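Numbering (the numbering used here), first residue to last: 9 to 62.
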């Protein structure tokens, strides 16, 4: 695998790479925000738990 050093010095490629990196970071932040907001609710289902006696 060869490294294209000319590409690394190209200002247009640097801008594109920076934009892609910002988008990846934004997506990770959004995923983390959604993960923190995710909740789960359970209902009262004694018949599913084998029942109970008061």
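Just so you know, even glycine gets a beta-carbon here, dropped at the ideal spot from N, CA and C.
Note that the structure is a prediction, hence the values are computed from the model and not measured.
Would you identify the three-state DSSP class for residue 41, choosing helix, strand or coil?
In the structure shown, residue 41 sits in a helix (DSSP, three-state: H, G or I).
What whole-angstrom Cβ distance do residue 15 and residue 21 have, given they're in contact under 8 Å?
Residue 15 to residue 21, Cβ: 5 Å. Contact.
Could you give the residue range of the alpha helix (DSSP H) that holds residue 13?
Element bounds for residue 13: 13–17.
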